[in-house]
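The opening position of the sequence shown corresponds to residue 1 in full-length UniProt numbering, with each subsequent residue numbered one higher.
Read through the structure below, which is laid out as structure tokens, and then see the notes.
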Amino acid sequence: MNYLGSKRRLSGFIYNVISHSIKQKLIDCSFCDLFAGTGIVGNYFHDKVKSIIYNDREYYSFVINSAFFSKVSEEKYRAMLTELNQLDGREGFIFNQYSECGTAGRLYFSSENGQKIDAIRMDIERRFESFEIDQDFYILLLATLLKAVDKVANTASVYCAYLKILKITANRNLQLLPLKRTSLSHPDYQIFNEDSNELITQVKGDILYLDPPYNGREYGSYYHLLNTIALYDIDFEPRGKAGLRSYNTSKFCLRSEVENVMFDLLQKCDFQHIFLSYNNEGFLSHPIITKMMNGLGTYRCSTIEYKRFQSKQAMGTVRTVEYLHHLIKH
């Protein structure tokens, strides 16, 4: 799944720094990913630590991360996907508001895929409300649909805008495919859908990993359509050309608020080791973070430089420095 700020390419770097920076064995440590996104870092660490916590304020993230630990049998899962893939399309909310030939004139999906999304989403809800499937199966099917939707979306990776013409992948038929899930038989995990600065007072442990937004890009806006499909709360009126839903603004995305909200988080957290991913293009400068962490304990920093792809209009590729700040709290 294409995701803004994904740490897929940096997971190995993050693991090496963390594993060599603490005295304990990782397998004896608890790990918390407070801004989990699509679970790239959490999934990388989940079988290497004693216990793990995932959190993200976006509901689609909660769905995707919960599905990774689903206990639904593979046989039942695959049989259900076969049934859902065979459904005829229906002209519902997603078709009308976000699809080709829909009443709103937006072009996030082809006509066929918009109808298919509605048909599958309605059927998942019907099965859940009639107790044909339980909560675990329900969440797994929602996550499967979200991953399938992302593959046929007519966007440039994010949902704050759609392309004017359907691209090749958007013309492909939506297909539900089985998701990769944990192979651990009894994982020790918790998954939350909370504000980071509120949840931090309710959890504690050994290692806290932070990957907050670096700039003004609001995930509630950039991935609004994934939240809408996951929630299917279709009694709202989509706003503007992009068809946005209401969302809560993150203080980490406000230049005037980010320093205070970051310090509040670091000050309140009850973890021995705090690792913060932040790059050189973020609102908070390296000196500010250094000063902040030095005032709370022992501070170290590791860096890696990598190429970040941009559109041709943004002059191709640029080199970005990723900092992994490490605070050992006193």
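We put the CB at the ideal spot given by N, CA and C, even for glycine.
All values derive from a computational prediction rather than experimental measurement.
Spatially closest choice to residue i from the options, by CA coordinates
i: Phe13; options: Ile304, His325 and Lys329; result: Ile304
i: Tyr59; options: Lys167, Pro212 and Tyr232; result: Tyr232
i: Ser185; options: Ser21, His46, Ile40 and Ala36; result: His46
i: Glu100; options: Gly114, Gly42 and Arg8; result: Gly114
i: Arg239; options: Asn197, Tyr98 and Thr82; result: Tyr98
i: Val321; options: Asn279, Ala119 and Arg57; result: Asn279
i: Tyr222; options: Ser183, Cys160 and Ile120; result: Cys160
i: Thr249; options: Ala242, Gly220, Thr155 and Leu26; result: Gly220
i: Asp235; options: Tyr306, Asn154, Phe93 and Glu281; result: Phe93
i: Ser302; options: Gln24, Ser19 and Met262; result: Ser19
i: residue 338; options: Arg319, Leu225 and Glu198; result: Residue numbering for the chain in the displayed model covers 1 to 330; residue 338 lies beyond these limits and cannot be assessed.
i: Met122; options: Ser73, Gly89, Lys164 and Asp134; result: Gly89
i: Asn294; options: Arg319, His330 and Glu281; result: His330
i: Phe283; options: Arg300, Lys251, Gln86 and Thr228; result: Lys251
Cβ-Cβ separation, residue j to residue i (assumed contact under 8 Å), whole Å
i: Leu174; j: Val152; result: 5 Å
i: Ile117; j: Val149; result: 6 Å
i: Gly102; j: Phe95; result: 5 Å
i: Ser277; j: Lys7; result: 7 Å
i: Ile168; j: Leu141; result: Not really, about 27 Å apart at Cβ, beyond 8 Å.
i: residue 341; j: Tyr209; result: Nothing can be reported for residue 341: it is not among the residues displayed for the chain, which extend from 1 to 330.
i: Asn154; j: Tyr162; result: 5 Å
Residue range of the beta strand (DSSP E) that includes residue i
i: Asp270; result: Asp270 to Asn279
i: Ile53; result: Ser51 to Asn55
i: Gln190; result: Tyr189 to Phe192
i: Asp33; result: Ser30 to Asp33
Extent of the continuous alpha helix (DSSP H) run through residue i
i: Leu210; result: Not the alpha helix (DSSP H): Leu210 falls in the beta strand (DSSP E), residues Lys204 to Leu210.
i: Ser111; result: Ser111 to Glu129
i: Glu75; result: Glu74 to Asn85
i: Lys291; result: His286 to Asn294
i: Glu198; result: Ser196 to Leu199
i: Thr144; result: Gln135 to Val152
i: Ile168; result: First-last for Ile168: undefined, no H or E at that position.
i: Phe95; result: Phe93 to Tyr98
i: Ser66; result: Tyr59 to Ala67
i: His224; result: His224 to Leu231
Proximity below 8 Å, CB of residue i to CB of residue j
i: His286; j: Tyr247; result: no
i: Asn29; j: Asp206; result: The question names Asn, yet the displayed sequence has Cys at residue 29. Yes.
i: Ser70; j: Gly37; result: no
i: Tyr138; j: Phe128; result: yes
i: Ile328; j: Thr298; result: yes
i: Phe31; j: Val49; result: yes
i: Lys204; j: Asp264; result: no
i: Thr144; j: Leu179; result: yes
i: His326; j: Ser21; result: yes
i: Leu146; j: Ile120; result: no
i: Leu107; j: Leu166; result: yes
i: Arg9; j: Tyr306; result: yes
i: Arg245; j: Asn260; result: no
CB contact check: residue i to chain C, cutoff 8 Å
i: Ile139; result: Of the protein chains in the structure, only one exists, and it is not chain C.
Touch test, the region 52 to 70 against the region 184 to 201, Cβ-Cβ under 8 Å, three pairs minimum: Three or more pairs of CB atoms, one per stretch, sit closer than 8 Å, so the region 52 to 70 contacts the region 184 to 201.
How about the region 8 to 22 and the region 39 to 53: do they share at least three Cβ pairs that are nearer than 8 Å? Touching, yes.
Would you check if the region 212 to 229 and the region 238 to 256 touch, i.e. whether three or more CB-CB distances between them fall below 8 Å? Below 8 Å, enough C-beta pairs join the region 238 to 256 and the region 212 to 229 to call them touching: three or more.
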